[in-house]
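K.L.:
If you scroll down you'll find the structure; I have some questions about it.
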Amino acid sequence: MNNKHKKYFGIRDIARIAGVSTATVSRVINQPDSTSNEIREKVEAIIKEYNYVPNQMAKNLFSQDSNSIAIFIYDVSNPFFANLIKELNNIAFENVCALIICDTENSKEKEIQYLRYCQSIRCNKIILTEGVNYDLYKDLNATQTIACLDRCSDHRFSTVTSDNYNGIKKLVDYLYNLNHRKIAFAGAMKAYHTANVRKQSYMDTLESHDLEVREDLVFFSDRFSYETGVKALDYFWSLNDRPTAIVCANDQIAQGLIMRAYKLKISIPDDLSIVGFDGIDNQYFYPKITTIRQDIRKIAETLFKAVSVTQEPLVHETITTEFIIGESCKMIELKSDATVLR
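Offset between the sequence shown (1-based) and the numbering used here: plus 106.
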């Protein structure tokens, strides 16, 4: 049989054709410097002629490291995470590393299965994005490295986050300077780290301006999504004392809110000012949202560095954000009865 037409062409075939042992072929593939130039060139020529591709799974078993990185994502449809995956994939490719995308949907069972899968293929570098901090990682072996993005974790793991607190503070300050005094907050996922930080910053900044934090002006749903924005506007517009501005915990919520406003013939920003958070996916959206832009490239680079360095010191970095002025806000006339003092 012609070896080139075999369905499976393996290391034994190469060894037979080259007249060497399978161990020698393995050394040429995995440790080429350990063989002579003559043997290495002979074996490599046969590998090239027959287009042999090494069994990566088998290599992983022997090397104890697959040279890959897994990223656990709770919502791949979120534009922020889609952009993060793109940046990480480019960085991994530049470093001859594979990126494995694990869509956990914030499910403990899925995280368990993905963790087991990573262990089975010797993927020892794992990035955990925003999610509930399940107690799944306390018994990891010494070769596994974990970095967390916007997820509370124990001190053994590296952590990366954007400056969520100051980002929201800039938005609330901006609205205050536009004479808004009834400023609402639309967020999601109370169990999540960023949701709580952004809400806390909203509340603290209102208080710094001597404004009352009204419970009826805080709306939470179960997702950072367009649907949350739709529900938020329906809720706020049902109030007798409506807000004049809304701080949205991300741009998806802001976009959903604005789209719902158009349907209800509410003018943005004439009737209501809106701000978001993330700074992505706004190029073709009208009006352009005033938002906080996260530095996704810097976040990706820092996460890659955090899982690539297996020894201390761990990485604990807060990435600066950028304030982006769009077209979704408007200054209003300040009325004497508009400010609610504490």
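Idealized CB from N, CA, C, for every residue including glycine.
For Thr424, which residues in the same chain have their Cβ closer than 6 Å to its Cβ, ignoring the five residues on either side in sequence?
P.N.:
The residue labelled residue 424 in the question sits at position 318 within the sequence shown. These residues qualify, in order along the chain: Thr267, Asp269.
K.L.:
Among residues of its own chain, excluding the 5 on either side of Ala124, which ones have a beta-carbon nearer than 6 Å to its beta-carbon?
P.N.:
Along the sequence shown, one-based indexing puts residue 124 at 18. Once the five neighbours on either side are set aside, the close Cβ partners of Ala124 are Lys148, Val149, Ile152.
K.L.:
Once you ignore the five residues that flank Asp209 on each side, which residues in its own chain have a CB closer than 6 Å to its CB?
P.N.:
Looking up residue 209 in the sequence shown gives position 103. Around Asp209: Ile179, Val182.
K.L.:
For Met309, I'd like the list of residues in its chain whose CB is within less than 7 Å of its CB, leaving aside the five on either flank, ordered along the chain.
P.N.:
Here residue 309 corresponds to residue number 203 of the sequence shown, with the count starting at 1. The residues are Val319.
K.L.:
State the Cα-Cα distance for the pair Lys192 and Ala198, rounded to the nearest angstrom.
P.N.:
Your numbering for residue 192 matches position 86 in the sequence shown. Your numbering for residue 198 matches position 92 in the sequence shown. Rounded to the nearest angstrom, the two C-alpha atoms are 10 Å apart.
K.L.:
Give the range of the beta strand (DSSP E) segment to which Asp279 is assigned.
P.N.:
Counted from its first residue, the sequence shown places residue 279 at position 173. First-last for Asp279: 270–283, but that is the alpha helix (DSSP H), not the beta strand (DSSP E).
K.L.:
Check each candidate in Arg348, Ile359, His315 and name the one with the smallest Cα separation from Asp328.
P.N.:
Numbered from its first residue, the sequence shown carries residue 328 at position 222. Minimum Cα distance to Asp328 is reached at Ile359.
K.L.:
For Lys441 and Leu281, I'd like the C-alpha separation in whole angstroms.
P.N.:
As a working note, residue 441 is residue 335 in the sequence shown. As a working note, residue 281 is residue 175 in the sequence shown. Answer to the nearest angstrom: the Cα atoms are 15 Å apart.
K.L.:
Comparing alpha-carbon positions, which option in Phe429, Asp241, Ile232 lies nearest Gly273?
P.N.:
Here residue 273 is taken as the residue at index 167 of the sequence shown, counted from 1. That would be Phe429, whose Cα lies nearest to the Cα of Gly273.
K.L.:
On the CB-based measure, 16 or more other CB atoms within 10 Å of its CB, does Asn388 come out buried or exposed?
P.N.:
Within the sequence shown, numbered from 1, the residue matching residue 388 stands at position 282. Its Cβ being crowded by 16 or more others within 10 Å, Asn388 is buried.
K.L.:
Tell me the residue span of the beta strand (DSSP E) that contains Ala294.
P.N.:
For the purposes of this step, residue 294 is identified with residue 188 of the sequence shown, where counting begins at 1. It spans 289–294 - the beta strand (DSSP E) in which Ala294 sits, taken as one unbroken run.
K.L.:
For Ile380, which of helix, strand or coil comes out of DSSP?
P.N.:
To locate residue 380, count along the sequence shown from 1; it is residue 274. Reduced to three states, the DSSP call for Ile380 is strand.
K.L.:
Name the two residues that bound the continuous alpha helix (DSSP H) containing Asp328.
P.N.:
In the sequence shown, the residue the question calls residue 328 occupies position 222. Neither: Asp328 is in no alpha helix (DSSP H) and is coded neither H nor E.
K.L.:
How far does the beta strand (DSSP E) with Arg399 in it extend, from its first residue to its last?
P.N.:
In the sequence shown, counting from the first residue as 1, residue 399 sits at position 293. Arg399 -> beta strand (DSSP E) spans 397–399.
K.L.:
Might you give, ordered along the chain, the residues of its own chain that have their beta carbon closer than 7 Å to the beta carbon of Lys404, omitting 5 neighbours on each side?
P.N.:
What you label residue 404 is simply residue 298 of the sequence shown in a count that begins at 1. Contacts found: Ile425.
K.L.:
Could you give the distance in angstroms between the alpha-carbon of Tyr158 and the alpha-carbon of Lys305?
P.N.:
Taking the first residue of the sequence shown as position 1, residue 158 is located at position 52. Taking the first residue of the sequence shown as position 1, residue 305 is located at position 199. The alpha-carbon atoms of Tyr158 and Lys305 are separated by roughly 55 Å.
K.L.:
Contact check, Leu284 vs Val353 under 8 Å by CB: the rounded distance?
P.N.:
Position 178 of the sequence shown, counted from the start, is the residue given in the question as residue 284. Position 247 of the sequence shown, counted from the start, is the residue given in the question as residue 353. Not confirmed; about 12 Å, so no contact.
K.L.:
Short check: CB of Lys231 to CB of Ile175, under 8 Å?
P.N.:
Here residue 231 refers to the residue found at position 125 of the sequence shown. Here residue 175 refers to the residue found at position 69 of the sequence shown. Their beta carbons are under 8 Å apart, which means Lys231 touches Ile175 by this criterion.
K.L.:
With 16 other CB atoms within 10 Å as the buried threshold, where does Ile120 fall?
P.N.:
Along the sequence shown, one-based indexing puts residue 120 at 14. Buried is the call here.
K.L.:
Please return the same chain residues whose Cβ sits closer than 6 Å to the Cβ of Leu205, not counting the five positions on each side in sequence.
P.N.:
By one-based count along the sequence shown, residue 205 stands at place 99. So the list reads Ile175, Leu194, Asn195, Ala198, once near-sequence residues are dropped.
K.L.:
Flag this pair as touching only if the stretch 321–335 and the stretch 358–372 have three or more C-beta atom pairs under 8 Å; answer yes or no.
P.N.:
A contact exists between the stretch 321–335 and the stretch 358–372.
K.L.:
If you reduce the DSSP assignment to three classes, tell me which class Cys229 lands in.
P.N.:
In the sequence shown, counting from the first residue as 1, residue 229 sits at position 123. Cys229 falls in the coil class under three-state DSSP.
K.L.:
Quickly, what does DSSP pair Ala176 with across the bridge? List them, please.
P.N.:
Start at 1 with the first residue of the sequence shown, and residue 176 comes out as number 70. According to DSSP, which records beta bridges pairwise, Ala176 is partnered with Ile206, Ile232.
K.L.:
Suppose the cutoff is 6 Å on Cβ atoms and the five residues either side in sequence are ignored; what does the same chain contact list for Ile431 look like?
P.N.:
Working through the sequence shown from its first residue, we reach residue 431 at position 325. Cβ within range, chain order: Thr396.
K.L.:
If you draw a straight line from the C-alpha of Ser351 to the C-alpha of Glu407, how long is it?
P.N.:
The residue labelled residue 351 in the question sits at position 245 within the sequence shown. The residue labelled residue 407 in the question sits at position 301 within the sequence shown. Sequence inspection shows Ala at residue 351; the Ser mentioned does not correspond to that position. Cα to Cα, the separation comes out at about 35 Å.
K.L.:
Out of Lys288, Ser379, Cys254, state which residue places its alpha-carbon closest to the alpha-carbon of Phe410.
P.N.:
What you label residue 410 is simply residue 304 of the sequence shown in a count that begins at 1. If we check each option's Cα against that of Phe410, Cys254 comes out closest.
K.L.:
Helix, strand or coil for Val56 per DSSP?
P.N.:
Since the first residue shown for the chain is 107 and the last is 448, residue 56 is missing from the structure and cannot be characterised.
K.L.:
According to DSSP, which residues form a beta bridge with Val149?
P.N.:
Here residue 149 corresponds to residue number 43 of the sequence shown, with the count starting at 1. Paired residues: none, contrary to the question.
K.L.:
If you draw a straight line from the alpha carbon of Gln225 to that of Ile218, how long is it in whole angstroms?
P.N.:
Translated into the one-based positions of the sequence shown, residue 225 becomes position 119. Translated into the one-based positions of the sequence shown, residue 218 becomes position 112. Cα to Cα, the separation comes out at about 11 Å.
K.L.:
Is Ile386 closer than 8 Å to Asp357 when the C-beta atoms are compared?
P.N.:
The residue you call residue 357 lines up with position 251 of the sequence shown. The residue you call residue 386 lines up with position 280 of the sequence shown. Going by C-beta atoms, Asp357 is nearer than 8 Å to Ile386.
K.L.:
What residues match up with Phe429 in a beta bridge as DSSP calls it?
P.N.:
Numbered from its first residue, the sequence shown carries residue 429 at position 323. According to DSSP, which records beta bridges pairwise, Phe429 is partnered with Ile398.
K.L.:
Buried or exposed for Asp256, going by 16 or more other Cβ atoms inside 10 Å?
P.N.:
What you label residue 256 is simply residue 150 of the sequence shown in a count that begins at 1. Buried, because 16 or more other Cβ atoms sit within 10 Å of the Cβ of Asp256.
K.L.:
Would you say Ala355 and Phe391 are within 8 Å of each other, going by their C-beta atoms?
P.N.:
As a position in the sequence shown, residue 355 is number 249, starting the count at 1. As a position in the sequence shown, residue 391 is number 285, starting the count at 1. No. Outside cutoff.
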